[in-house]
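What follows is one structure encoded as C-alpha cells, with my remarks underneath.
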Amino acid sequence: MRFNFKPLAAATLMMAAAGSAHATTEITWWYSNTGALSDRIQNMVADFNKSQSDYKVKAIYKGGYDESMSAAIAAYRAGNAPNILQVFEVGTATMMHAKGAIVSVTKLMKDAGEKFDPKAYVPAVASYYTTNKGEMLSLPFNSSTTVFFYNKDLFAKAGLDPEKPPVTWKDVEADAKKLKAAGVECPFTTSWQSWVQLESFSAWHNVAFASKDNGMGGLDARLEFNSPLHVRHIQNLANWAKQGLFVYSGRKTEGDSKFYTGKCAMLTSSSATYGNVVKNAQFKFGVSPLPYYADVKGAPQNTVIGGASLWVMSGKKPDEYKGVAKFFAYLSKPEVQAAWHQGTGYLPATIAAYELTKESGFYKTHPGTDVAVKQMIVKTTDKSRGIRLGNFVQIRGIIDEELEGVWAGKKTPKQALDSAVERGNKLLVRFQKANQ
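Residues -23 to -1, 1 to 413, numbered by mature numbering (1 follows the signal peptide of the UniProt record, and there is no 0), are exactly what the sequence shown covers, in order.
Now the structure itself:
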C-alpha cells in the first residue's frame, strides 16, 4: 500500500492570543499510546507547557498507530495536519518517501538554533531513523526492543536455578523440558513472532533479514529471512510446539498476558512489557537478554528497535517549528528521558539518560531493567542497524500467516519462509515502483 502525500500550501494553527499582548503558539501532537502511557505523555506535555509561556503543546490521542497514520495522511491532504505525528517503526519507510510531507529533525533543530547532537542518542536507536548521509529524520521517543522474561517461581518448582536464565536456545529447550516435566503446561511462548523470532533474531545473530542493508540501502531491497539459520530456528520452534515445549499465543501481545498470569514460564517480547508484568504478576520474575545460537559467528550482536518516533509535518509557520524544536529539546533532556524510561520500560533515547538512571541506583533496585539498554548500546553493523522496508505492515501480516501454517503442522518451516519471502518481495517491488 502506498501513502501518497500530495504537496499542499502551508496549513497554519490558530494562535491563542485571547486579547493578550503576548501570543502563545499552539503545537499539536497526535499520539497512539493508551492507559498509563497516555497519562505519562499528558504529564510530560503539561510540564513543558508550565516551563515556558511562548508555546503550548496539545497532545491528542488519535487511535492506534495504523489509524493515526491514516488520519494524518487525510489531514495533510486537507491542509490541517498536526505539527507532530507519532509513527511506529514499521511506518518509517513510508514516512521517508512521503516527499514534501515532513521536515527532518536535523533541519528542524538547526533552523531553530537548538543544540542537537545525534551522537547523544543510543546508536542502535538513532541509526534506524537516520539516513545514510547522517540526517536524522525523526526523533526517537518510545523505543523498545526484544528481551526474555522468565518466572522464577516456576523455575524453582522445576528444580532450575531461578537466578540462572537460559542463555542459548539450547538452554531454552533444556529448561522447557524440565518445566514441562514439572507440570507447567506452557513452558515457553512469544509475542510479536515476526519482530522477535525473525527480525530481531536476525540482528541478534548478525545475519541479513533483507538485502541492501535490510532495506536501508535502497528501495530495491529483497527479503532474505529464508536462510539455513532462519529455517533451523523455526524448525526448532516447530519441533518444540509438537512436544508441548513452545505454545503459540497470537500475532501481537497475547503472549504477555499468558506470562504475567503465570500460565507460561518463559516469554520473549518487548522490553515495554515490563510495566505490565510488574503490575500484574503475582510471582518473582527475571528479565534477561534474548537467547542465541552459540555456534553462530558474531552472535550476539544487538537487537532491533520497536515502538515509535516523532515526525515533524511540513507546511507550518516558522514560530510553530521553533516551538516543536523547543519541545523536542525538552523531551531529550536526560532527566525527562530517564523518568520516561524508568516508568515505562521503554528505552532511554539518550546515553545521558541511561547513565543518569544507572547513577540513581534504579537498575540495582529493579533488576533486569537495564537488559534492553545493554543489548542496544553497541556499535551496529549493516545487518543489525534495523529493518526499513516499504509495505512492512503487510509483510509482517504475511509472515504471521505463514508461521501459523507451521505451528498448525500444515507447512514445513522452509516452505513457509520461502513463501513469505516470495510474497513479501512482490510487495517490495510494488513499493519500489510507486516511489521511484
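For each residue, glycine too, the CB sits at the ideal point set by N, CA and C.
#1: Could you give the DSSP three-state label for proline 95: helix, strand or coil?
#2: Comparing C-alpha positions only, which one of Cys241, Gly263 and Lys240 sits nearest to tyrosine 251?
#3: Could you pull the start and end residues of the alpha helix (DSSP H) that lysine 351 belongs to?
#4: Could you compute how far the alpha carbon of phenylalanine 369 sits from the alpha carbon of alanine 397?
#5: Take every Cβ of the segment 337 to 357, pair it with every Cβ of the segment 276 to 293, and state whether three or more of those distances are shorter than 8 Å.
#6: Would you kindly report the start and end of the unbroken alpha helix (DSSP H) that includes lysine 299?
#7: Rounding to the nearest angstrom, what Cα-Cα distance links alanine 101 and serine 204 in this structure?
#8: Exposed or buried, which one is isoleucine 37 when buried takes at least 16 other CB atoms within 10 Å?
#9: Going by DSSP, what residue range makes up the alpha helix (DSSP H) through valine 102?
#10: In three-state DSSP terms, what is phenylalanine 126?
#11: Out of curiosity, what's the CA-to-CA distance linking alanine 97 and serine 286?
#12: How is threonine 5 classed by DSSP in three states: helix, strand or coil?
#13: With DSSP collapsed to three states, give me the class of lysine 240.
#14: Please go through the same chain and pick out, in chain order, the residues whose beta-carbon is closer than 6 Å to the beta-carbon of tyrosine 225, but skip the five residues on each side of it.
#15: Quick one: what's lysine 35 bridged to in DSSP?
#16: Going by DSSP, what residues sit across from tryptophan 288 in a beta bridge?
#17: Can you look up arginine 209 in the DSSP assignment and give me helix, strand or coil?
#18: Can you give me the Cβ contacts of methionine -9 inside the same chain, cut-off strictly under 6 Å, excluding the 5 residues immediately before and after it?
#19: Using CA atoms only, rank isn't needed, just tell me which of Leu214, Gln63 and Gly111 is closest to asparagine 10.
#20: Report all residues from its chain with a CB closer than 6 Å to the CB of aspartate 190; omit the five preceding and five following residues, and keep chain order.
#21: Taking 8 Å as the cut-off, decide whether the C-beta atoms of arginine 407 and isoleucine 375 are in contact.
#22: From asparagine 257 to threonine 389, what distance separates their C-alpha atoms?
#23: Among residues of its own chain, excluding the 5 on either side of methionine -23, which ones have a beta-carbon nearer than 7 Å to its beta-carbon?
#24: Can we say the segment 308 to 326 touches the segment 223 to 242, given the rule of at least three CB pairs closer than 8 Å?
#25: So what's lysine 222 in DSSP terms, helix, strand or just coil?
#26: Taking the straight line between their C-alpha atoms, what separation do you get for alanine 159 and glutamine 220?
#27: Pick helix, strand or coil for alanine 187, following the three-state DSSP scheme.
#28: In three-state DSSP terms, what is asparagine 412?
#29: Lysine 27 and isoleucine 4: beta carbons closer than 8 Å?
#30: Taking just the CA atoms, how far does phenylalanine 125 sit from leucine 137?
#31: Less than 6 Å between C-beta atoms, sequence neighbours within five positions excluded: which residues of the same chain meet that for tyrosine 307?
#32: What residue range is occupied by the uninterrupted beta strand (DSSP E) comprising proline 164?
#33: Take alanine 393 and list the residues in its own chain whose beta-carbon comes closer than 8 Å to its own, dropping the five residues that flank it on each side.
#34: Would you check if the distance between the CB atom of valine 99 and the CB atom of proline 325 is smaller than 8 Å?
#35: From Arg362, Lys351 and Gly345, pick the residue whose C-alpha is nearest to that of lysine 141; which is it?
Reading from the atomic positions:
#1: helix
#2: Gly263
#3: 348 to 353
#4: 12 Å
#5: yes
#6: 295 to 308
#7: 24 Å
#8: exposed
#9: 100 to 103
#10: strand
#11: 16 Å
#12: strand
#13: coil
#14: Trp384
#15: Thr5
#16: Leu62
#17: helix
#18: Unreliable positioning characterises methionine -9 in this predicted model, as indicated by a pLDDT of 41, which lies under 50. The coordinate reading is nonetheless provided below. Correct list, in chain order: Ala(-1) and Thr2.
#19: Gln63
#20: Asp359
#21: no
#22: 37 Å
#23: The predicted position of methionine -23 is uncertain, since its pLDDT is 46 and thus under 50; a value taken from the coordinates is nonetheless stated next. Excluding positions up to five away in sequence, the list reads Asn368 and Gln371.
#24: no
#25: Sequence check: residue 222 is leucine here, not lysine. Of the three classes helix, strand and coil, the one that applies to leucine 222 here is coil, per DSSP.
#26: 14 Å
#27: strand
#28: helix
#29: no
#30: 16 Å
#31: Phe25
#32: 163 to 167
#33: Ile211, Glu379, Leu380, Gly382 and Val383
#34: yes
#35: Gly345
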